[in-house]
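Trainee: Encoded as structure tokens, here's the structure I'll be asking about.
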Amino acid sequence: MAVDLRSEEGQTWLLQCLQAALAADASSRVSAEEALRTAGRQPGFGVALSKVVLSAEIPYGVRQLAAVVLKQFVKEAWKIDSSESDKKPMQGNQCFVAHPEDKAFIKEFLPNALGDPEGKIRTAVGIVIATIAQKDWPEEWPGLMEFLLHCIRDHSSVERLHGALRCLSLFADEIDDSQMPSLVPVLFPELFKIFSSPDVYGVSVHRLALVVLHSCISTLGIMSGAFQNETKALMSPMLKSWMEYFSAVLSRPTTAQNADDWSLKMWVLKVLMQVVVNFPKLAAAHVQIVLHPLWQLFVGCAAVYDEAAGAESPVDLVDSDGDELSLEALIIQMFEFLISLVGQPRFRKVVAGSVSDLVYHTIGLMKMTRHQVETWSTDPNQYISDEDDLTFSCRVSGAMLLEEVVAAFDTKGVSAIQLAVQKRLVEAAAARSAGNAEWWKMREAAILAIGTVSEALLDPPKGSKGSSTGRHAVLALLESLLYEDLGNDGTSCPFLRGRALWAASRLSTAVPGNNVVPYLEAAVRGLGHGNPVPIMVGACRALSQFCPKIGPETLRPCLPAIYHGVGSLLQQATEETLHLVLETLLVAVKADSATAAAMEPSVSPAVLNIWAAHITDPLISVDASDVIEAIADIPECVESLLVNALPALSRVLSTNTDQQTSGIIEGALDMLTMFLNKAPPHMVRNMHDSCFNGVVFLAMKSEDNGELQSAAECLAGFLRAAGPSILEWSAAGPEAALKGLLDVCARLLSPDLDASGSLYVGSLLVQMLRQFPGLMAPHVQNLVRALVVRMSNGSTPNLEAELILVFARLVHMSVPNVSQFLDLLSSVPVDGHGNALPFVLSHWVEHEDLVEGDYQMKVSSTALALILASCDPRLALVKVKGQMLRSAEGSGMVTRSRSRSKPVEWTSMSLPAKILGILADVMSGAQEGPGIAMIEEEEEEWEEAEDEDELEDNEDAEDIETDGAADAGAETGKSVFQPAEGIEGLSEDDLEDGDYREDPDAASDPINKIDLGVYLKEVVDQFASKDKHAFAELCKELTEEQKAVVWGTAALMVAA
């Protein structure tokens, strides 16, 4: 492009380009868009666009497009960001960055367009300015906030006020704790002037003021942890006035056709929630002001929504800013606010006297709408998605509120829900008797409500007075479900029958002995051919709940029918419902291995075909793989399953990759690895002969990162399963087999390969070192060199951990002469570090926290202990990163600008001290048991917070008027977020089995048999006894917690 964009000719050319980009002719648009992309690399492009935006004479559409292009230009060319440099416009071989003079012009003149008469221009300009602010403010644009505040204070132009608020709302989250204290005293009074003048400023201005207020209070809430008194002082002066304004807004009648009213109320609720969550004690003094209007809103919305539920389509309107909004969105926001009230002990007392009414209206809001019935009847995928809580809706939010009510009020909450459900069931029966065709919707909502809180119904607190009554009520409801909803064909109300099946399965533990069989049989009937989707979905979900709960003796007679029903569904299920069918099949397989073994010949081929046909579907393929793995876990099945699967896997791995379905090679490798972990020895040889060479070939030729990861894992699986014999199995001979594996490792360690593709090379190398250490010895020096090159050329955290474990394995191989390992590192040169010893060991200790899993941590920790115990003098010469420095200025919020200007700094410490500190941390954890330290720390923090809440509640109890006394549940301060001891099985010692399943090496590796705490104690004892003075000097570099551990561990007495 030869036109100078800074000239008049260039400005005219740009205007013509923008006009052409809006043309009806597609070819003209494409040419114009390409010309604009080219122009984006030229000086003056941003200035020329700004002039178009600022020109009132130019048509509105062209100006708006210019603002959109300008925003993209700012995102791509305003600053060089190393993480985004590959996406920036290029000029030659360099990233193009806007000229400083162009930036200065845009920042000086573009803000004037915030007062443009056209609202969409103001919005577009606000977005551009906010985008610049995220990059430049406050350091390189200090005057921006003062300009915006001037526009807000200057009430002579409503348009400018609107534009400034819109702009501020878009980057208010960038305001940090250093700017907020000076901003709030100026901004908040101006916002309140807007709230106080409803006749002067329209709904749009009020809404934007609420958006800004919401962001500021959210930021103040974050600040309150470090600056509690300061933030309270900023919030207190105007809180009562705000509450009065909120009350006035919420008191307005809610109608079915006023989107502006919905939007304003929704933002009021959002702001209220920020106040209640972040400043509960301040809010407690004034919350009474909004309680009655809030209840009016809740009841009013319930009535309007009940009317709207019968409409053919949902009531979606557009507010004055052009944003779509639905009545459901307002109700969901109201539910969120109520959940926050119920969830806090201080405000729970406000709700205590009205719990019954609250849950009664909530159930009404959970009723299916006519639109949902029509949509879900024709779109199974949408029905399943919505039922799986993947989308927010009144039903999902209502269920969450019911769960919070139970958590907050215990038996009182459960009783209130039971009473409300009973009322709604009576209403549904009355509607049915009156001939109302919609009667079933209320019954379905009531059953949904009771199923949502089924756990609380079936497992009330110990010693609860209502436990017996609640169980009798559950049995009565189950009987009602059986005879009224499950005892007929259900074709008239498929959604109701599906819901009844779901609820019956959740409540089934209340049914004694074989009395559960009729419910189980009803679920099996739901799998029948031709049933509507809601019934089939309900049946699958019910069986998924039934099978794990019912004993094999009771379940076994029904399992053949379940397999038959699921088998039929496998043939006819759509992609949307197939994963549910597979989940049901999975629980059936796990429920009884004997029946599964009998059914395997018919089940395995069908599931394997589904897996192959849906390999690109992440949901279905994983579900099918889970079923196959569950069958493979049954010893009687694995050989037959392999006979069916192996030919197909071999065919996939030997076919040209270009001719394969995307993802099938990776899936085949993963399945082959799974079989290797479970197959009997004689089958491993068959798998080798069929597939091993194909896997090696893929590892050498594939360019797909996922395939390379899976190939490395699969080869490691072959070595683990076959052991040293695998080299003898090769038709080309042992030497050729070993060379092939070494070539694979060399490729995966190449710095030219993406780090993701190299991810599991460590697992393969560890297996090679374990299975044939003698044969690997001549290659170790080259291996170390390749590992260092890979480590020094950038890697992901997971790859770092993998490489660390290879070095750890080399340390263990060098025992009893660990200095040989250190000599080996010293013999490998590394640019900038002299040799590999300081590079590898500093890298190791600084990234030790990346190693995950008890077994892997044991391998790494014991290797570090061996290095420390060697007392090699070269170790003391290495300096590594120590503790993070926390300056006074570093406290508070971390924003983009603060993180850019104040990077994190670290102390320096000696390598032996760093290793000793790591071992101290490991010993501390080993003394407390796996995972217990973290759990106990969380419990202590929880108890402190809970005690503080209860103390403040007692102080403030008189400040909040209630309609009834707080119940026992409120006194306990419980929430859905329970402390760790309340979560069943969390701290049980089941980690060992988990390790064996996760890493098969753990079961056979002698290192895993070590008592880590005892072992490290012995190492530290011996290390300390060699040189007491040196040991004391190292301890000076440790934290106080680490000192306490190592001094307490050392058996000898060393003078401090």
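Every letter in the sequence shown is one number past the one before it in numbering that gives the first Met the number 0, and letter 566, counting from 1, is 565.
Just so it is clear, CB atoms sit at the ideal spot from N, CA and C, and this is done for glycine as well.
Given the structure is predicted, the values throughout are model-derived calculations rather than measurements.
1. Does the beta-carbon of Gln273 have 16 or more other beta-carbons within 10 angstroms, so that it is buried, or is it exposed?
2. Tell me where the alpha helix (DSSP H) around Val124 begins and ends.
3. With distance defined between alpha-carbon atoms, name the residue in Ala129, Lys548, Thr37, Ala284 nearest to Val73.
4. Within 10 angstroms of its Cβ, does Met883 collect 16 or more other Cβ (buried), or is it exposed?
5. Tell me whether Arg650 is buried or exposed, calling it buried when 16 or more other Cβ atoms sit within 10 Å of its Cβ.
6. So Gly566 is in the beta strand (DSSP E); what residue range does that whole segment cover?
7. Check the C-beta distance from Thr230 over to Ser223 and give it rounded, since I have them as a contact under 8 angstroms.
8. With DSSP as the reference, label Gly833 as helix, strand or coil.
9. Quick check on DSSP: helix, strand or coil for Gln256?
10. Let me know if Tyr518 comes out buried or exposed under the rule of 16 or more other beta-carbons within 10 Å of its beta-carbon.
11. So, with DSSP's three-state summary, where would you put Ser235?
12. Quick one: complete alpha helix (DSSP H) runs, 4+ long, within the stretch 25-51?
13. Report the option in Ala1001, Phe391, Leu802, Leu418 whose CA atom is closest to the CA atom of Tyr854.
14. Taking the continuous beta strand (DSSP E) assigned at Gln882, which residues delimit it?
15. Using the three-state DSSP reduction, which class does Trp77 fall into: helix, strand or coil?
16. Quick check: the stretch 22-34 against the stretch 120-139, are there 3 or more CB pairs under 8 angstroms?
17. Use the C-beta contact count for Ala698: other C-beta atoms within 10 angstroms, 16 or more gives buried, fewer gives exposed.
18. Determine the extent of the beta strand (DSSP E) in which Thr906 is found, giving its start and end residues.
19. For Gln227 and Glu56, what's the separation of their Cα atoms in angstroms?
20. Closer than 7 angstroms by C-beta to Pro772: which residues in its own chain qualify, once you throw out the five before and the five after it? Chain order, please.
21. Could you give the residue range of the alpha helix (DSSP H) that holds Glu727?
22. Measuring only the C-alpha atoms, how far is Ala956 from Phe346?
23. Name the residue from Leu804, Leu836, Arg251 whose alpha carbon lies nearest to the alpha carbon of Asp848.
24. Need the endpoints of the alpha helix (DSSP H) that Ser624 sits in, please.
25. I'd like to confirm the pairing. Which residues does DSSP put opposite Pro517 in its beta bridges?
26. Which residues in the same chain have their Cβ closer than 7 angstroms to the Cβ of Ile633, if we skip the five residues on either side of it in sequence?
27. Pro197 by DSSP, collapsed to three states: which one?
28. Does the pairing of the stretch 654-665 with the stretch 624-631 give three or more beta-carbon distances under 8 angstroms?
29. Does DSSP put Pro828 in a helix, in a strand, or in coil?
30. In whole angstroms, give me the CA-to-CA distance for Ala800 and Lys857.
31. With respect to the alpha helix (DSSP H) encompassing Arg769, which residues constitute its N-terminal and C-terminal limits?
32. Please name the residue in Val354, Ser376, Glu437, Leu418 whose C-alpha comes closest to that of Ala406.
33. Can you grab the Cα-Cα spacing for the pair Ala415 / Lys264, in whole Å?
34. Can the beta-carbon of Lys119 be found closer than 9 angstroms to that of His154?
35. Once you ignore the five residues that flank Asp994 on each side, which residues in its own chain have a CB closer than 8 angstroms to its CB?
36. Along the alpha helix (DSSP H) that carries Ser384, what are the first and last residues, could you check?
Mentor: With the given structure in hand:
1. Burial call: buried.
2. Boundaries of the alpha helix (DSSP H) around Val124: 118-135.
3. The shortest C-alpha separation from Val73 is found at Ala129.
4. Per the 10 Å Cβ criterion, exposed.
5. Exposed, since its Cβ has fewer than 16 Cβ neighbours within 10 Å.
6. Per DSSP, Gly566 belongs to no beta strand (DSSP E); it is in the alpha helix (DSSP H), 558-571.
7. Yes, Thr230 and Ser223 are in contact; Cβ-Cβ is about 4 angstroms, under 8 angstroms.
8. The answer is strand: DSSP assigns Gly833 an E or B state.
9. In the structure shown, Gln256 sits in coil (DSSP, three-state: anything other than H, G, I, E or B).
10. Looking at its Cβ environment, which holds 16 or more other Cβ atoms inside 10 Å, Tyr518 is buried.
11. Collapsing the DSSP output to three states places Ser235 in a helix.
12. Runs of the alpha helix (DSSP H) inside the stretch 25-51: 25-38.
13. Selected option, being the one with the closest Cα: Ala1001.
14. In the DSSP assignment, Gln882 falls within the unbroken beta strand (DSSP E) covering 878-883.
15. Reduced to three states, the DSSP call for Trp77 is coil.
16. Not touching, per the Cβ criterion.
17. Classification for Ala698: buried.
18. Note, Thr906: beta strand (DSSP E), 905-909.
19. Approximately 52 angstroms, taken between the alpha carbons.
20. Here the set comprises Met812.
21. Its alpha helix (DSSP H) spans residues 724-728.
22. Any answer about Ala956 is weak, because its pLDDT of 43 lies below 50 and its placement is not dependable; what the coordinates show is given next. Computed Cα separation, rounded: 9 angstroms.
23. The shortest C-alpha separation from Asp848 is found at Leu804.
24. Note, Ser624: alpha helix (DSSP H), 617-631.
25. Answer is none; Pro517 lacks a bridge partner.
26. Contacts found: Ser592, Ala595, Ala596.
27. Coil, per DSSP.
28. Touching, no, given that fewer than three Cβ pairs across the two stretches are closer than 8 angstroms.
29. In this structure, Pro828 counts as strand in the three-state DSSP scheme.
30. It is roughly 13 angstroms from the alpha-carbon of Ala800 to the alpha-carbon of Lys857.
31. According to the DSSP assignment, Arg769 belongs to the alpha helix (DSSP H) that extends over 760-770.
32. It is Val354 whose Cα lies nearest to the Cα of Ala406.
33. About 28 angstroms.
34. In this structure, His154 does not lie closer than 9 angstroms to Lys119 by Cβ.
35. With a pLDDT of only 37 at Asp994, under the threshold of 50, the placement of this residue in the model should not be trusted; the figure read from the coordinates follows. Cβ within range, chain order: Gly852, Asp853, Tyr854, Ala1001, Asn1007.
36. In the DSSP assignment, Ser384 falls within the unbroken alpha helix (DSSP H) covering 379-386.
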